[in-house]
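Read through the structure below, which is laid out as structure tokens, and then see the notes.
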Amino acid sequence: MGSPLFVIRLEPEKNRVIVGPERELFRRRFVVRDLNWIRPVQDGEAVVAHVKIRHNHPGAPAQVESHGAGEAVVTFHQPQRAITPGQAAVFYDGDEVLGGGWIAHVLE
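Take any residue in the sequence shown, count from 1 to its spot, add 289: that is its number in this note's numbering.
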């Protein structure tokens, strides 16, 4: 191919691995499931938080919109590299943990 390829997504139902250039690893939106709020948030409410998407991720500003039933949609202000299903997402306000859950899938 002439340049490195990265796994962009998995499609297990079709037994496919989708690869592409590094720039395609950057996304802004994803769904969090099994969400646990430490600070109560109403269904449909959106909060601005500093969101970490893995242990060594520095975190970045994002909007977290609660969708009830332990689910939320997170939208980063700037695209982030390698948002990965199965990883934890934790929401912060400074040093205070607002909540968190598991990345279920990435939205285009």
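Cβ coordinates follow ideal geometry from the N, Cα and C atoms, glycine included.
By the criterion of a C-beta distance shorter than 7 Å, Q376 is surrounded in its chain by I342, R343, I392, once the five residues flanking it on both sides are discounted. Here the alpha carbons of E302 and G383 stand approximately 40 Å from one another. Ranked by how close their Cα comes to the Cα of P310, the residues V296, L396, Q369 have V296 in first place. Every beta strand (DSSP E) stretch that sits fully inside the region 295-335 and reaches 3 residues is listed by chain position as 295-300, 305-309, 315-326. Between R318 and V362 the beta-carbon gap is near 6 Å, inside 8 Å, which marks them as a contact. A straight-line Cα-Cα distance of about 43 Å links G357 and S292. According to the DSSP secondary-structure assignment, S292 is paired through a beta bridge with no residue.
Annotated three-state conformation of Q369 is strand, per DSSP.
In the structure shown, I392 falls within a strand segment according to DSSP collapsed to helix, strand and coil.
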